[in-house]
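>
Number of protein chains: 4
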Amino acid sequence: MSPRPKNPPPDRRGEILEAAFRVFAEKGYRAATMAEIARAAGVTPAALYYYFPSKADLFRAAVTERRSQLQPALAALASPDARELPPREFLGALLRAMADFLADERTRAVIRILLAEGPRDPSLVAIFQEEVYGNIGAVLGYLEQHMAQGNVRPMDPRVFLLFFQGPLLAMVIFRDLLRLGPYRDLPNPALVEPLAETILAGLVPEKR
Amino acid sequence: MSPRPKNPPPDRRGEILEAAFRVFAEKGYRAATMAEIARAAGVTPAALYYYFPSKADLFRAAVTERRSQLQPALAALASPDARELPPREFLGALLRAMADFLADERTRAVIRILLAEGPRDPSLVAIFQEEVYGNIGAVLGYLEQHMAQGNVRPMDPRVFLLFFQGPLLAMVIFRDLLRLGPYRDLPNPALVEPLAETILAGLVPEKR
Amino acid sequence: MSPRPKNPPPDRRGEILEAAFRVFAEKGYRAATMAEIARAAGVTPAALYYYFPSKADLFRAAVTERRSQLQPALAALASPDARELPPREFLGALLRAMADFLADERTRAVIRILLAEGPRDPSLVAIFQEEVYGNIGAVLGYLEQHMAQGNVRPMDPRVFLLFFQGPLLAMVIFRDLLRLGPYRDLPNPALVEPLAETILAGLVPEKR
Amino acid sequence: MSPRPKNPPPDRRGEILEAAFRVFAEKGYRAATMAEIARAAGVTPAALYYYFPSKADLFRAAVTERRSQLQPALAALASPDARELPPREFLGALLRAMADFLADERTRAVIRILLAEGPRDPSLVAIFQEEVYGNIGAVLGYLEQHMAQGNVRPMDPRVFLLFFQGPLLAMVIFRDLLRLGPYRDLPNPALVEPLAETILAGLVPEKR
DNA sequence: CATGAATGAGAATTCATTCAT
DNA sequence: GATGAATGAATTCTCATTCAT
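Protein chains in written order, with this note's numbering: chain A, 749 to 956; chain B, 749 to 956; chain C, 749 to 956; chain D, 749 to 956.
(1) For Ala810 of chain D, does the count of other Cβ atoms within 10 angstroms reach 16, so buried, or fall short, so exposed?
(2) Can you give me the Cβ contacts of Arg761 of chain A inside the same chain, cut-off strictly under 7 angstroms, excluding the 5 residues immediately before and after it?
(3) I'd like the ranges of any alpha helix (DSSP H) spanning at least 4 consecutive residues and lying wholly in the region 834-888 of chain B.
(4) Taking the alpha-carbon positions, what's the Leu765 of chain C to Asp933 of chain B distance?
(5) Note down the Cα distance separating Leu842 of chain B from Leu948 of chain A, rounded to an integer number of angstroms.
(6) Is the Cβ of Asp852 of chain D closer than 9 angstroms to any Cβ of chain C?
(7) Please list the partners that Tyr799 of chain B has in chain A, where partner means a Cβ-to-Cβ separation under 8 angstroms.
(8) Taking Cβ positions only, does Leu943 of chain D come closer than 9 angstroms to chain C?
(9) Going by CA-CA distance only, name the one from B:Ala779, B:Arg770, B:Lys775 that's closest to Ala788 of chain B.
(10) Any C-beta of chain B within less than 7 angstroms: which residues of the region 889-911 of chain A qualify?
(11) Using three-state DSSP, classify Val940 of chain D as helix, strand or coil.
(12) Could you check what DSSP says for Tyr798 of chain C in three-state terms: helix, strand or coil?
(13) Could you tell me the alpha carbon to alpha carbon distance between Leu796 of chain C and Met782 of chain C, rounded to whole angstroms?
(14) Since Ala780 of chain D is in the alpha helix (DSSP H), which residue starts that stretch and which ends it?
(15) With Phe922 of chain D as the anchor, note down where its alpha helix (DSSP H) starts and where it stops.
(16) Should the region 813-833 of chain A be regarded as contacting the region 876-889 of chain A, the criterion being three or more beta carbon pairs within less than 8 angstroms?
(17) Taking Val762 of chain B as part of the alpha helix (DSSP H), name the residues at either end of that continuous run.
(18) How many Å lie between Lys754 of chain D and Pro867 of chain D at the Cα?
(19) Spell out whether any CB of chain B is found under 9 angstroms from the CB atom of Gly771 of chain A.
(20) Which residue wins for smallest C-alpha separation from Leu925 of chain D, given the options D:Pro793, D:Arg836, D:Ile861?
(21) What first and last residue would you give for the alpha helix (DSSP H) that runs through Glu832 of chain B?
(22) Using 10 angstroms around the beta-carbon of Asp805 of chain B, count the other beta-carbons present and answer buried if the total reaches 16, otherwise exposed.
(23) Helix, strand or coil: which one does DSSP assign to Leu900 of chain D?
(24) Let me know the secondary structure DSSP gives Leu806 of chain D once reduced to three states.
(25) Whether or not the region 845-862 of chain C and the region 934-943 of chain C are in contact is what I'm after, with contact meaning three or more pairs of Cβ atoms, one per stretch, closer than 8 angstroms; do they touch?
(26) Cβ closer than 8 angstroms: which chain A residues qualify as neighbours of Val858 of chain B?
(27) Output needed for Ala773 of chain D: all residues of its chain with C-beta closer than 7 angstroms, excluding positions within five of it in sequence on either side, in chain order.
(28) Just to check my reading of the structure: Phe908 of chain B and Leu891 of chain B have Cβ atoms closer than 8 angstroms, yes? What is that Cβ distance to the nearest angstrom?
(29) Answer with buried or exposed for Asp869 of chain B, where buried requires no fewer than 16 other C-beta atoms within 10 angstroms of its C-beta.
(30) In the structure shown, what three-state DSSP assignment does Val811 of chain A receive?
(31) Is it true that the CB of Arg808 of chain D sits closer than 9 angstroms to the CB of Leu872 of chain D?
(32) List the residues of chain B whose Cβ lies closer than 7 angstroms to the Cβ of Gln958 of chain A, in chain order.
(33) Taking C-beta to C-beta, are Leu910 of chain B and Ala918 of chain A nearer than 9 angstroms?
(34) Under 9 angstroms, Cβ to Cβ, is there at least one residue of chain C near Lys803 of chain D?
(35) Please say whether Ala944 of chain A and Gly885 of chain A have beta carbons closer to each other than 9 angstroms?
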């Protein structure tokens, strides 16, 4: 009957968002129920509707909230200080940072949601696209500059991104999402170091 | 030709499986309803239960059926004749074949289902794992042989697979599943040819 | 568990429509619940959705069904044989028939629904308008003919309708719908006979 | 003028009552939500409960309040000065006044509520019954006197009321509530003048 | 084989109401 | 006086599933 816990809860909205994201990531949008999210947030289902008009809105808000939480990590990938480094070091550092970023539990949850719901919900993809491309754009700028100087083999930037994002993404998908047996105990560096070497061998021609 | 008197009895089971797979791939397991699958198959929902005991079973059967349909294409990836080629040619051919395989509409549907449902259903992943690894194993055998001969840089085979599956998978995910704007008009060869060159540059040392 | 009563129910749809109309008339659209309608029809709420896609559709169907049930009585009001009578007899007969029609339980239920929901739902009104006007049109035709012959004082037909429908409608509203104390025991003839006389006195000039 | 220091304290209660009546009249009791009423009144739903214990009480209070607003208009219908007139003039004046009263927007809203909720809520009807009958009683008194004098044909007063209220009520229902096409542009006098003539022709015998 | 009819168990959502502040 | 936050009890609607025929 009493609609209120005694001590004022500090940030119900945030707690709900957090709980909702967890449940959505674990179960997927359809299988996640408002009742379960409410339980996870320690409130009643009706409380969810006090803060968000619908399940779809809660989902969107939860995802957007998570995006902004990831924002600093994403921005760090394009940190200005790394851009002083020569291509080999820069790319190595970038690969390591990106591997850590992708393998982070919070990022993985986003990837899971994006892969599960994105194909049916382009607007969901759009939430991240802008953000990601804004930060990756800085990286591409660095590369284009060095391509122009002949330090890096000229290449379609999209292809370049696939080169080093692809293996990392595949690792996260196989190892962390699908939990394929053979990949289960593959540590990040086991992929990243050979990847850096191999890709760089192909990308940065005359240094070899 | 056949002495069968009536018009060929329709392969109801097969049609249902086909329709079910389409609907599951498009909507995801939870959002796909038995009614919609039935409609897609041209039967009533009750008929589904004549052939399959439950939605979960139908899903599993539909996925398994699709796996066996992809089987020939997968097997071709490990075709014995390509294994006569030297590493550069072999790897190039493999990359091209795999890119075509991954980008094929039927494969994409499987990937979509695996990415969406796999994280919550390890047994679903298992259905494909065996199959895929059986065929990829042949490829790995080839490589191990050449690594031993010094023709290919020695490397963890899992990492090797990530190297060349990763970018292809990423391309399919970005371009075909998430339909990211920038990737929408990236043709397979635009990725595959630079990928072959670059990776090979790193993988096959003395040729450079 | 058993989804089916043993002996096949003869006309579930009709029963549901009937029950729905009763409940809608008694409670109004909003206050009537699918659960109560189901109970009244002896089925489960889900069964309602087997026959009708939504509550709104069920409402509409129930009202339309009732309209067609009333159709014969309405048509009788414009029966051709009464049209052979001279104006005084014709109007008297019409008034009596209409009073009986309006005071009939089934008609009253329609009036109740129309008065309660009509102001917010013009399409509901439209369901009856056509029907009613079709039949009343015949009456008006008779009158116009006699107006032309000078047997009936010329008059706007809408006003004419208000003249003799109005008191009858008011009687039904006061007596049967609002159950105003003073009207509770006013029998139809107590209104109809003076009404016939009085109105006719004004309407059929030279006969007096 | 007034020595009150601050800006006049708003009549919250009155505003709420006003807003509540509007919303109830437009949507009906069930469909009207406390939230919407609060919004219309410019307060929060909780504030409603400061002034009224429940939705039902608010409804009742809003209706009663409106009744007292209509009171003067109702009383005017039985104004003493008109009672000096001879029957023909008196009845004509009464008809005109009543038509104006019924067609007034505020009265219409009351009628709408009474027709929609009255059948399920006798106590709602009672709120007005007393009021109305008190004032109409005066009119009936006038008539009874003239009936006794032979100036008006003797008649059950309830029937008399139906005679001239009925067409007016029907006009308001058809034209203003149900918005029936044919009645939409029927002005009050188009009904009232013929009605006066016709009814009087029947009611006031020797003048004809 | 196949279906029409039906259902039980949820699911999202609404809403009058409460109460500490 | 007034409100923000919250809730319990409906309510509409969905859907996998059943089974007599």
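Yeah, the Cβ is synthetic: ideal placement off N, Cα and C, and Gly gets one too.
Values in this document were obtained by computation on a predicted structure and should not be read as measured data.
According to the structure data:
(1) Along the fourth sequence, read from residue 1 onward, the residue named residue 810 of chain D stands at position 62. Buried, since its Cβ has 16 or more Cβ neighbours within 10 Å.
(2) Locating residue 761 of chain A in the first sequence gives position 13, counting from the first residue. Within the same chain, Arg761 of chain A has close Cβ partners Tyr799.
(3) 835-851, 853-865
(4) Locating residue 765 of chain C in the third sequence gives position 17, where the first residue counts as 1. Locating residue 933 of chain B in the second sequence gives position 185, where the first residue counts as 1. Rounded to whole angstroms, Leu765 of chain C to Asp933 of chain B spans 56 angstroms at the Cα level.
(5) Numbered from its first residue, the second sequence carries residue 842 of chain B at position 94. Numbered from its first residue, the first sequence carries residue 948 of chain A at position 200. When rounded, the distance between both Cα atoms is 22 angstroms.
(6) The sequence position of residue 852 of chain D within the fourth sequence is 104, counting from 1. With 9 angstroms as the cut-off, Asp852 of chain D does not count as an interface residue toward chain C.
(7) Start at 1 with the first residue of the second sequence, and residue 799 of chain B comes out as number 51. Chain A residues near Tyr799 of chain B: none, gap ~24 angstroms exceeds 8 angstroms.
(8) Looking up residue 943 of chain D in the fourth sequence gives position 195. So yes, Leu943 of chain D belongs to the interface.
(9) Here residue 788 of chain B refers to the residue found at position 40 of the second sequence. Residue B:Arg770 is the option with its Cα nearest to Ala788 of chain B.
(10) Met903, Asp904, Arg906, Val907, Leu910, Phe911
(11) In the fourth sequence, counting from the first residue as 1, residue 940 of chain D sits at position 192. Correct three-state label for Val940 of chain D: helix.
(12) Counted from its first residue, the third sequence places residue 798 of chain C at position 50. Note: Tyr798 of chain C maps to helix in three-state DSSP.
(13) Locating residue 796 of chain C in the third sequence gives position 48, where the first residue counts as 1. Locating residue 782 of chain C in the third sequence gives position 34, where the first residue counts as 1. Each residue's Cα considered, the two are about 8 angstroms apart.
(14) In the fourth sequence, the residue the question calls residue 780 of chain D occupies position 32. Neither: Ala780 of chain D is in no alpha helix (DSSP H) and is coded neither H nor E.
(15) The residue labelled residue 922 of chain D in the question sits at position 174 within the fourth sequence. Neither: Phe922 of chain D is in no alpha helix (DSSP H) and is coded neither H nor E.
(16) yes
(17) For the purposes of this step, residue 762 of chain B is taken as residue 14 along the second sequence, with counting starting at 1. The sequence given here places Gly at residue 762 of chain B; Val does not occur at that position. Taken as a continuous stretch (DSSP letters only), the alpha helix (DSSP H) holding Gly762 of chain B covers 760-775.
(18) One-based indexing of the fourth sequence puts residue 754 of chain D at position 6. One-based indexing of the fourth sequence puts residue 867 of chain D at position 119. Here the model assigns Lys754 of chain D a pLDDT of 49, short of 50, so the residue's position is not dependable and the matter cannot be decided.
(19) As a first step, residue 771 of chain A is located in the first sequence; it is residue number 23 there, counting from the start. Looking at the sequence provided, one finds Val at residue 771 of chain A rather than Gly. Closer than 9 angstroms: no.
(20) Here residue 925 of chain D corresponds to residue number 177 of the fourth sequence, with the count starting at 1. Comparing Cα positions, the closest option is D:Ile861.
(21) One-based indexing of the second sequence puts residue 832 of chain B at position 84. Counting along the chain, Glu832 of chain B falls outside any alpha helix (DSSP H), and DSSP gives it neither H nor E.
(22) If you number the second sequence from 1, residue 805 of chain B lands on position 57. With fewer than 16 Cβ atoms within 10 Å of its Cβ, Asp805 of chain B is classed as exposed.
(23) Mapped onto the fourth sequence, residue 900 of chain D falls at position 152. One point to set straight first is that residue 900 of chain D is Val, not Leu, in the sequence displayed. The answer is coil: DSSP assigns Val900 of chain D none of H, G, I, E or B.
(24) Here the question's residue 806 of chain D lines up with position 58 in the fourth sequence. Three-state result, Leu806 of chain D: helix.
(25) yes
(26) For the purposes of this step, residue 858 of chain B is taken as residue 110 along the second sequence, with counting starting at 1. None at all; the shortest Cβ gap to chain A is about 13 angstroms.
(27) Translated into the one-based positions of the fourth sequence, residue 773 of chain D becomes position 25. Hits under 7 angstroms: Ala857, Arg860, Ile861.
(28) Taking the first residue of the second sequence as 1, we reach residue 908 of chain B at position 160. Taking the first residue of the second sequence as 1, we reach residue 891 of chain B at position 143. That belief holds up - the Cβ atoms of Phe908 of chain B and Leu891 of chain B are roughly 6 angstroms apart, short of 8 angstroms.
(29) The residue given as residue 869 of chain B occupies position 121 in the second sequence. When all chains shown are included, Asp869 of chain B counts as buried.
(30) Within the first sequence, the letter at position 63 stands for residue 811 of chain A. Reduced to three states, the DSSP call for Val811 of chain A is helix.
(31) Translated into the one-based positions of the fourth sequence, residue 872 of chain D becomes position 124. Translated into the one-based positions of the fourth sequence, residue 808 of chain D becomes position 60. Against a cut-off of 9 angstroms, the Cβ pair of Arg808 of chain D and Leu872 of chain D comes out as a contact.
(32) Residue 958 of chain A lies beyond the range of chain A shown here (749 to 956); nothing can be said about it.
(33) Counting from one through the second sequence, the residue named residue 910 of chain B turns up at place 162. Counting from one through the first sequence, the residue named residue 918 of chain A turns up at place 170. Cβ atoms of Leu910 of chain B and Ala918 of chain A: closer than 9 angstroms.
(34) If you number the fourth sequence from 1, residue 803 of chain D lands on position 55. No, its Cβ sits nowhere closer than 9 angstroms to a Cβ of chain C.
(35) In the first sequence, the residue the question calls residue 885 of chain A occupies position 137. In the first sequence, the residue the question calls residue 944 of chain A occupies position 196. Not closer than 9 angstroms, so no.
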